[in-house]
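Below is one structure, written out as structure tokens; the observations come after it.
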Amino acid sequence: MSGHLLDPSWLARLERLQMASKRAASGSQAGLRRAKQLGSSMEFADYRSYVPGDDLRQLDWNAYARSGKLFLKKYLDETQLHVNLYIDCSRSMSHGHSGKMERAVQLAAAFGYLSLCHLDHVSVYAFDRQMVSSVRGLQGKSQAPRLLGYLAGLSPGEVGDLNQALRSPGAVSGKAGISIVLSDFLFESGYDKGIAFLQAARQDVIMVQVLAREELDPTYQGELRLIDSETQQAKEVSLTGQLLEEYRKSVRQYQQELTSFAYGRGISFLGIEAEQSVESIVFQVFRQAGIIR
Amino acid sequence: MQWMALGNMWFALIIPAIIVLYLLKRKVEDRVVPSTLLWQRTLQNWEAVRPWEKLRRNLLLFLQVLAAVLLVLALLRPAVSTDGVTTDHTVLVIENAGSMQTREGEQTRLEKAMTAASGLVEKLGNGQTITLIEAGREPKVLLSKSSDQQQLLEAIKHLSPSYGSADTGAALSLAGAIAANETGSGVIWMGDGAADRTVELNAAAYPDHFRFMQMGMTRENTAIGAFVTQTGTNGVNGLVRIDNHGSRVAKGNVTIYDQDEKLLDTDSFSVDPGASRTITWDQLTAAPVYQAVIESQQDGLSSDNEAWSVPFTTGVGKAALVSPTGNRFLHQALQTVGSMEVENMQQLPEKKGEARDVWVFDGVVPDRLPDGNVLLIAPERAVDWLPYEGKRELDEQPKALTTDDSLLRYVDWRDVHVAKSAVLGDMPGMKTLVQAGSTDLVQAGTINGRRVVIVVFDLHDSDLPLRPAFPIFMQNVITWLAPTQAAPIGPAYPGEVLSVPLSPGATKRMLTNPDGQQQSIQATGTSWMLTVPDRTGLYRVDETLDSGQKSRYFAVQMKETESDITPKTIRLGTNGEAQQGEGNQQTANAAGSRELMTWLAALALLAMFVEWRVYQRGY
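Sequence lines, in order, name chains A and Z.
Position 211 (the first sequence) corresponds to 211 in the UniProt record's numbering; numbering is contiguous.
Position 392 (the second sequence) corresponds to 392 in the UniProt record's numbering; numbering is contiguous.
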């Protein structure tokens with residue numbers, strides 16, 4: 001599976017992208033991210049007058065030549081970003097041939113890889129009703145095989161519960177950063193508390209809802225007993241055109257609900273279709289949404 | 001609502017069968033979906049907005065069951081009694097008989113029928129016509145094919161209650177004939193069916209649209225079945241028979257009054273349902289007429305609660321025997337007859353006025369016929385009312401021409417010989433009873449309104465007086481000539497013709513109706529034909545005679561059969577042969593209802609069509 005996780009042909013394109021963080025990162029280790037502190041990067045920030053004791057290497061000799069005054073050139077520091085990827089492994093994600101989980105894993109691989117290329121800290125968490133597994137603190141391109149290997153090894157889990165999983169111990173790194181939640185957000189118990197918990201841990205949350213076309217626009221007919229893949233609850237429906245219309249309305253309504261929840265909390269929300277190709281999701285959907293640039 | 005074919009109820013088994021089939025057929029496909037969360041939300045919204053959606057799942061089943069129910073209902077052939085005229089031309093028959101005067105609550109049955117008929121007329125549609133028939137003693141067409149509502153209402157309003165009996169059969173055939181002449185005709189019969197229970201018409205000859213509208217409901221009625229009084233040795237004996245036609249025990253009082261409504265006696269009675277009871281009195285105070293009135297707790301018909309009776313008296317008539325030569329045989333025979341007071345005369349009295357019930361002329365022919373009936377024996381001259389043609393010797397044996405005439409009853413002419421006889425010419429109104437050869441010996445008939453018997457031969461020229469036939473013959477003759485004496489005016493029924501015997505010699509005769517109205521009787525002779533008015537009660541005939549005023553009473557009462565007011569339905573075509581198919585149809589129509597079968601079948605078809613569409617559209 002690892003071979004298909006990311007297509008080598010567009011890895012190069014992926015490397016040029018980076019996660020767009022709304023807040024400037026303030027880390028202690030050097031990275032490729034512009035940090036809040038002034039530092040040693042190549043990026044110019046400001047001039048200031050020399051005071052004795054300053055590092056002479058930072059003097060702008062050209063300015064001295066022109067003006068005869070000593071100026072210090074200030075550069076922005078570059079630091080690392082903590083990127084946390086949360087993958088929903090619950091059964092509803094993995095059921096059938098919808099490929100929701102597959103798509104989520106591929107997206108996680110893409111995000112993880114481009115973050116590694118920018119020397120960001122990448123941690124990946126898999127959860128169903130609790131944390132199933134995680135890989136933490138990956139940094140540098142050299143860790144990419146480990147990331148992809150871990151992702152390839154993910155297996156479908158049990159009943160999902162986002163609230164409980166995200167609030168379980170060890171689910172949040174404690175460092176401020178970006179958290180991307182890849183899920184279908186179809187949880188019996190809701191999602192708001194878990195997301196709020198993430199936000200409280202100084203995470204810049206991005207909610208990505210992966211839904212299959214079967215869910216968005218079902219083509220069932222006749223008398224059906226719909227069985228929930230997780231809870232095994234059955235619901236008898238006789239599908240008519242009107243009922244399907246009503247269902248599509250409910251789906252839109254649910255997405256609307258998620259969007260307004262996200263908007264109210266300053267969270268980015270994206271709904272994607274599992275049937276779309278990873279490439280188009282990354283280069284079109286996410287770039288348009290301003291999540292990566 | 002009635003069911004014409006309740007036997008088809010077992011077709012209803014198809015409904016559980018459909019349900020069972022549906023349960024067997026119904027298969028639900030299991031499908032695992034990632035999550036039913038959204039479905040749950042959808043269904044919640046859906047069912048909140050459209051509560052019937054749950055039912056809708058079984059829409060097809062409902063439609064199938066509905067179609068089946070409708071079909072079964074159609075098989076049961078329900079019918080509702082319709083109001084309003086349904087045919088283009090309607091023969092509306094309103095029964096008007098005594099039983100129709102029964103009170104049903106506020107109204108009598110006739111008034112109810114009139115109201116119903118007015119209702120039908122008011123609902124008359126454009127182009128619909130009505131022929132109005134009153135089924136009384138004889139059916140009467142009041143209006144023919146009229147669409148003028150005003151006129152029809154007027155005619156209905158002017159129906160007056162009749163106390164006679166209705167000739168249902170005649171009215172039915174008349175209505176049927178009128179309806180058969182016009183296509184699209186129907187007959188609506190409003191009545192209680194009580195008048196004639198044996199109506200059986202050929203159903204095929206009758207229009208399909210026969211509707212019987214029952215006007216009667218109550219059946220409780222107590223009536224005086226008979227009231228008879230007779231003069232006995234010590235006072236007048238009375239007998240009242242009380243009939244209870246109802247279904248409950250009738251209790252009440254019976255009271256006897258005289259002609260001035262003076263109470264004579266009273267008694268209480270209790271009659272079992274369907275039974276009769278007789279109450280007798282003796283030693284009633286003498287009165288020319290008695291009235292019996294019953295007051296019963298439950299009584300539908302009031303006009304049969306009164307009855308009148310004229311005591312049967314053996315009155316003695318007056319006879320005059322005019323015989324110049326004297327006739328011992330004749331005198332003796334008249335005495336023997338007994339009911340006559342015989343006065344012997346040598347010749348006809350000069351002065352007029354002395355009235356006799358019977359005049360017997362022996363060998364004398366008066367110039368003019370006196371008042372009263374006449375027995376003429378051995379005429380010897382011609383006058384203007386008697387064509388006398390001389391005398392003739394006879395060889396032949398006398399022979400009676402008829403045997404059923406009341407004058408010749410029990411009279412044996414075989415041993416009678418007549419030697420000599422007068423010969424008379426033809427007289428209109430006279431009938432020959434006995435002949436010898438071609439010579440008429442005894443003639444009887446009416447001349448100038450008088451009853452006349454002529455014995456052509458002299459009794460002395462014959463051995464008739466010596467034969468046993470003679471007193472019998474005389475008895476017959478006197479009874480026929482003097483009917484007023486023995487019999488009072490017989491009982492009469494409304495609407496029928498009554499022969500009122502008149503006293504000879506009265507100068508003025510008056511008939512007084514029960515309501516006091518008087519009517520003078522213009523009649524000559526000894527009897528008067530009266531068409532009895534449609535009103536029950538006591539009638540009085542007053543005659544002014546030379547000897548004074550003479551009053552006789554007669555009562556007009558309802559027929560006994562009319563007292564049985566139990567409502568009955570007139571059914572046509574139930575005479576056995578047409579039990580299948582057509583016959584049922586006839587019976588259904590006879591009940592006065594309209595079948596809903598076609599409508600139900602059409603609805604079932606519609607339900608099936610809807611079902612098909614639903615199935616096709618896949619709701």
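The beta carbon of each residue, even a glycine, is placed where N, CA and C say it ideally should be.
Taking 8 Å as the cut-off, the Cβ atoms of A/M19 and A/I292 count as close.
Residues of chain Z whose Cβ lies closer than 7 Å to the Cβ of A/Q233 are, in chain order, T36. The criterion of a C-beta distance shorter than 8 Å is satisfied by A/D161 and A/F187. A straight-line Cα-Cα distance of about 21 Å links Z/G105 and Z/F212. Under the Cβ criterion of 8 Å, A/V251 is counted among the residues facing chain Z.
The Cβ neighbour count for A/Y47, taken over all protein chains shown within 10 Å, is under 16; the residue is labelled exposed. In terms of beta-carbon proximity, Z/L23 stays away from the interface with chain A, with every pair separated by 8 Å or more. Residue environment analysis places Z/D463 among the exposed positions, since fewer than 16 neighbouring C-beta atoms fall within 10 angstroms of its C-beta. Bounds of the beta strand (DSSP E) holding Z/I242 are G235 to N244. Note: A/Q203 is bridge-paired with A/G177 in the DSSP secondary-structure output.
Between Z/E138 and Z/A307, the alpha-carbon positions lie close to 25 Å from each other. Listed as beta-bridge partners of A/G271 by DSSP are A/Q209. When the Cα atoms are used, Z/N96 and Z/T266 turn out to be separated by approximately 33 Å. Between the alpha carbons of Z/K399 and Z/R414 lies a distance of about 7 Å. About 6 Å separates the beta carbons of Z/P494 and Z/V532, which is inside the 8 Å limit, making them a contact pair.
DSSP places Z/A419 in the coil class of the three-state scheme, outside both helix and strand.
Z/R368 is not bridged by DSSP to any residue. The three-state reading of DSSP puts A/I291 in coil, since its state is none of H, G, I, E or B. Contact annotation for Z/L60 against chain A: no contact, minimum CB-CB distance about 10 Å [criterion: below 9 Å]. By the C-beta density criterion, A/Y247 is buried, having at least 16 other C-beta atoms within 10 angstroms. Taken in chain order, the members of the stretch 236 to 269 of chain A whose beta-carbon sits within less than 7 Å of a beta-carbon on chain Z are E236, V237, S238, T240, L243, E246, Y247, S250, V251 and Y254. Beta-bridge partners of Z/P139 (DSSP): Z/A135. At the C-beta level, Z/Y290 and Z/T222 stay beyond 8 Å of one another.
It is roughly 9 Å from the alpha-carbon of Z/V121 to the alpha-carbon of Z/T129. According to the DSSP assignment, Z/N253 belongs to the beta strand (DSSP E) that extends over A250 to D258. Under the Cβ distance rule, Z/Q616 does not count among the residues neighbouring chain A, no pair being separated by less than 8 Å. Under the 8 Å criterion on CB atoms, A/S123 is classed as non-interfacial with respect to chain Z. By the rule that beta-carbons nearer than 8 Å mark a contact, A/R16 does not touch chain Z.
Ranked by Cα distance from Z/M217, the options Z/K112, Z/P379 and Z/V271 are led by Z/K112. Rounded to the nearest whole angstrom, the C-alpha separation of Z/S421 and Z/S99 is 59 Å. Note: A/V237 is bridge-paired with A/L224 in the DSSP secondary-structure output.
In the DSSP assignment, Z/Q44 falls within the unbroken alpha helix (DSSP H) covering L37 to V49.
Pairing A/S133 with A/L85, the inter-Cα distance amounts to about 12 Å.
Proximity to Z/V65 across Z/L13, Z/A286 and Z/L76 peaks at Z/L13, based on C-alpha coordinates. When rounded, the separation of the alpha-carbon atoms in Z/V452 and Z/Q347 is 19 Å. The beta carbon of A/V278 lies closer than 6 Å to those of Q106 in the same chain, with the five residues before and after it left out.
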